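For reference, the structure discussed in these notes is given below.
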Amino acid sequence: MSDRTLFHLDIECKALDWQVSALAQICASLHHTILSTMERLIISLENLARSATPVPEPGQDEPEPEQWLELLRPFNTIENLWLKDPGVSSGFCQALRTLPSGGEGALHLLPALRELVLMAASGEQSRALVQVLDPFVEARRLADRPLTVSYYGG
């Protein structure tokens with residue numbers, strides 16, 4: 011018998027920024043319950059694509075960087091983060107750009123994170139994500155909290 015617990019949550023609404031905001035509010039309220047022991051988080055738009063709600067065009071209804079940070083703050087125990095959509099990967103990386111410089115922000119956001127897997131739409135997007143992630147990854151390495159980053163797709 012496995013002692014793993016699966017928690018699945020779908021947020022269905024048209025605007026991606028609303029989805030991220032709603033998910034952030036729910037996760038903040040669950041912070042001291044199920045989220046306090048989670049080790050793996052997968053963020054995906056796959057279910058949205060299969061629903062009757064149309065997927066927003068790139069650049070439309072995109073969450074602000076602070077919305078992504080608000081969503082991720084409750085996940086202090088996450089060791090593995092999978093971002094299974096190129097838009098989610100970009101949003102996450104843009105949010106990292108807003109963290110305070112000097113490594114402080116990189117250590118407080120997702121402090122247990124050891125593996126980050128991002129989906130990129132193209133090789134060009136992968137290179138852009140690497141460039142944005144470099145300061146985050148380096149700050150964690152210097153603090154003896156190394157992070158393995160991998161990319162798939164495109």
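In the numbering used here, the protein residues as written are 11 to 164.
All C-beta atoms in this analysis are idealised placements derived from N, C-alpha and C, irrespective of residue type, glycine included.
These figures come from a predicted structure and were not determined experimentally.
Terminal residues of the beta strand (DSSP E) in which residue i lies
i	result
I52	R50 to I53
S160	T158 to Y162
According to DSSP, residues forming a beta bridge with residue i
i	result
E125	N90 and T158
Boundaries (first-last residue) of the alpha helix (DSSP H) holding residue i
i	result
L26	L26 to L40
P116	Here residue 116 turns out to be Ala, not Pro, going by the sequence shown. Its alpha helix (DSSP H) spans residues E114 to H118.
E80	P75 to L82
Local conformation of residue i per DSSP, three classes
i	result
D144	helix
A149	helix
S136	helix
R107	helix
T47	helix
F85	coil
F17	coil
M11	Reliability of the predicted coordinates at M11 is poor, the pLDDT of 45 falling under 50, and no value is obtained from them.
Neighbour-count burial assignment, residue i, 16 or more Cβ in a 10 Å radius
i	result
A122	exposed
P73	buried
Y161	buried
A62	With a pLDDT of only 45 at A62, under 50, the local geometry of the prediction cannot be trusted, and no value is derived from it.
E80	buried
S136	buried
L82	buried
L139	buried
D95	buried
L120	buried
F17	exposed
L19	exposed
Residue closest to residue i, alpha-carbon to alpha-carbon, out of the options
i	options	result
Q77	E125, C103, A34 and A130	A34
L109	T158, D154, V147 and I36	V147
L152	G133, E89 and A116	A116
Q141	A32, K24, S100 and N86	S100
H118	R150, I44 and C23	R150
W92	D27, D71 and I53	I53
R124	T158, G133, S132 and C103	T158
S39	L51, P84 and D20	P84
E89	L26, L51 and F102	L51
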